[in-house]
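Here is the structure we will look at, set down as structure tokens.
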Amino acid sequence: GAGVSQSPRYKVAKRGQDVALRCDPISGHVSLFWYQQALGQGPEFLTYFQNEAQLDKSGLPSDRFFAERPEGSVSTLKIQRTQQEDSAVYLCASYAGRNSYNEQFFGPGTRLTVL
Amino acid sequence: KNEVEQSPQNLTAQEGEFITINCSYSVGISALHWLQQHPGGGIVSLFMLSSGKKKHGRLIATINIQEKHSSLHITASHPRDSAVYICAVIQGAQKLVFGQGTRLTINP
């Protein structure tokens, strides 16, 4: 595709519900990041994939958060038993190389609201 | 203390004014990004720099590695420049660490 796409764009969940957020990176991009952006704040790193390998998941806030990229392209961020503090915009970014010296391309984000 | 600090947090100016947004960081970096985020969340990379100065149209970015400081300048500002501008530093080979953003509003 022409850019990074994410779905859904908006998700409202009841507290305790499980959610799955999808990221379609630019075709052929090796590296993929997930970020969490709380209202009025800058994004914060969650996790990083190089192809299908999850090389860094140090930013995942709890074991309720899980990310996968089984075939090295599409990635899914899953949040189990959602809590109100999970409400944020979840951003996905991809780039072609194996390091950040190239431009990262960001998706439009998924705005998650947990009631 | 955040590893990346931006100032000001909010900036309102009149069309045509010269704008400066500052970014200071406290960690070792390999490069720095300036990003633009419009309402609705879309983020666009404006610059990536590791030394000196870059210019693109009315936008200029500078970085001083010794002082751990970068600035983004906008000349002849326009209402369409209204957005959140985010500084992000690259740690190691991959990880981006973001500032909290500067909300810029340019009034006609």
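Here the protein sequences come in this chain order: A and B.
Numbered by the working numbering, the letters in the first sequence go through residues -1 to 113 in order.
Numbered by the working numbering, the letters in the second sequence go through residues 3 to 110 in order.
All C-beta atoms in this analysis are idealised placements derived from N, C-alpha and C, irrespective of residue type, glycine included.
All of these numbers come straight from a predicted model, not from anything done at the bench.
Which residue comes first and which comes last in the beta strand (DSSP E) that contains A:V2? By 1-based counting over the first sequence, the position of residue 2 of chain A is 4. For A:V2, there is no enclosing beta strand (DSSP E), as DSSP marks it with neither H nor E.
So with Cβ pairs under 8 Å, would you call B:L98 a contact of chain A? Within the second sequence, residue 98 of chain B is the residue found at index 96, counting from 1. Yes, B:L98 counts as interfacial toward chain A.
Consider the C-beta atom of B:I65 and the heavy atoms of the ligand ZN; say whether any pair is separated by less than 7 Å. Although the ligand ZN was asked about, the structure shown includes no ligands whatsoever.
If you compare alpha carbons, which of A:D16, A:Q48 and A:Q35 is closest to A:F63? Taking the first residue of the first sequence as 1, we reach residue 63 of chain A at position 65. The shortest Cα separation from A:F63 among A:D16, A:Q48 and A:Q35 belongs to A:D16.
Starting from A:A41, find everything on chain B with Cβ-Cβ shorter than 7 Å and list it in chain order. Numbered from its first residue, the first sequence carries residue 41 of chain A at position 43. What sits at residue 41 of chain A in the sequence shown is Pro, not Ala. Result: F100.
Best match in B:Q102, B:H35, B:G94 and B:S9 for proximity to A:F104 [C-alpha to C-alpha]: Within the first sequence, residue 104 of chain A is the residue found at index 106, counting from 1. For the residues B:Q102, B:H35, B:G94 and B:S9, the minimum Cα distance to A:F104 belongs to B:H35.
Whether or not the region 22 to 39 of chain B and the region 78 to 91 of chain B are in contact is what I'm after, with contact meaning three or more pairs of Cβ atoms, one per stretch, closer than 8 Å; do they touch? The region 78 to 91 of chain B and the region 22 to 39 of chain B touch, with no fewer than 3 CB-CB distances between them shorter than 8 Å.
Based on the DSSP output, what are the partners of B:E7 in its beta bridges? The count along the second sequence starts at 1 and reaches residue 7 of chain B at position 5. Beta bridge pairing from DSSP links B:E7 with B:S26.
At 4 residues or longer, what runs of the alpha helix (DSSP H) sit wholly inside the region 37 to 75 of chain B? Here no run is fully enclosed.
Using C-beta distances below 7 Å, list every residue in its chain close to B:P122, excluding the 5 sequence neighbours before and after it, in chain order. The structure shown does not extend to residue 122 of chain B, since chain B is modelled only from 3 through 110, so no value can be given for it.
Could you run through the region 19 to 38 of chain A and flag, in chain order, every residue whose CB is less than 9 Å away from some CB of chain B? So the close ones are S29, F31, Y33, Q35 and G38.
Chain B residues whose Cβ lies nearer than 7 Å to that of A:E101: Within the first sequence, the letter at position 103 stands for residue 101 of chain A. Per Cβ cutoff of 7 Å: S47 and M50.
Could you have a look at A:Q82 and say whether DSSP puts it in helix, strand or coil? Counting from one through the first sequence, the residue named residue 82 of chain A turns up at place 84. Here A:Q82 sits in helix by DSSP.
Residues of its chain near B:G18, where Cβ-Cβ distance is below 7 Å and the 5 sequence neighbours each way are ignored: As a working mapping, residue 18 of chain B is identified with position 16 in the second sequence. Counting only residues of its own chain and dropping the five nearest sequence neighbours on each side, B:G18 has a CB closer than 7 Å to the CB of A78 and S79.
Taking DSSP as the reference, what is the three-state secondary structure of A:R67? Taking the first sequence and counting its residues from 1, one reaches residue 67 of chain A at position 69. Secondary structure at A:R67: coil, using DSSP grouped into helix, strand and coil.
Same chain, Cβ closer than 6 Å to A:R114, five either side skipped, listed in chain order: Outside the shown range of chain A (-1 to 113) lies residue 114 of chain A, about which nothing can therefore be said.
Tell me the residue span of the beta strand (DSSP E) that contains B:N12. In the second sequence, the residue the question calls residue 12 of chain B occupies position 10. Run containing B:N12: N12 to Q16, per the beta strand (DSSP E) assignment.
Looking at the secondary structure, which residues open and close the beta strand (DSSP E) in which A:F47 lies? As a first step, residue 47 of chain A must be located in the first sequence, where it is residue number 49. E42 to Q48 is the extent of the beta strand (DSSP E) around A:F47.
Expressed to the nearest angstrom, what Euclidean distance is found between the alpha-carbon atoms of B:T107 and A:A11? Counted from its first residue, the second sequence places residue 107 of chain B at position 105. Counted from its first residue, the first sequence places residue 11 of chain A at position 13. For B:T107 and A:A11, the distance between alpha carbons rounds to 32 Å.
Indicate whether at least one CB of chain B lies closer than 8 Å to the CB of A:Y8. Reading the first sequence from its first residue, position 10 is the one you call residue 8 of chain A. At a cut-off of 8 Å between C-beta atoms, A:Y8 does not count as an interface residue with respect to chain B.
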